[in-house]
Amino acid sequence: MPTLSKRLLYIGGTVSAVTAALALGAAPASAGDGAVKTKKTTEYAPAAGSMNFTAYGDIFAVCDNDSDAAGVRGYWKVGSGGAVHSFYNGNGRGTCVESDQDVSETAYVYIDVCIQDDGVVQDSTCSGWDYFYAGND
């Protein structure tokens, strides 16, 4: 009997330890800060433009990273089927334009960024949609 009691205590302790580890290790999804960058083409450098999302404050930023005389257009939407919003940065290299929004903390934010030259979005430079969790810790 003492051996059976020890085994039951050992099994019970192991189950408790595993349960506690899972409970403590199962943290909620963390803030989804993220960024996307424009693609290289024959006319434009890689990462000539970028768009950043900061979950704390729901801030989107479109940045011009190259002195190519072109601007940068950023796109964002909430959820894969959400309405697409955009804003433009034509302020030159080394500048970012921010847009402060109010996004549900349970949502996913999708962002895309492209070079815009002489009013025309250069589709071949677009980063492609990427998504990030909008909640913050």
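Residues -31 to -1, 1 to 106 in mature numbering (1 follows the signal peptide of the UniProt record, and there is no 0) are what the sequence shown lists, from first letter to last.
Yeah, the Cβ is synthetic: ideal placement off N, Cα and C, and Gly gets one too.
Beta-bridge partners assigned by DSSP to C32: S19, C65.
One thing to note: C83 has its Cβ no nearer than 9 Å to the Cβ of T75. Taking a cut-off of 8 Å on C-beta distances, the segment 87 to 102 touches the segment 6 to 14, as three or more cross pairs fall below it.
Membership of Q85 in the beta strand (DSSP E) is indicated by the continuous run 77 to 86. Taking 9 Å as the cut-off, the beta carbon of V41 is found no closer than this to the beta carbon of V78.
When secondary structure is reduced to three states using DSSP, D99 falls in the strand class. With fewer than 16 other Cβ atoms inside 10 Å of its own Cβ, A38 counts as exposed.
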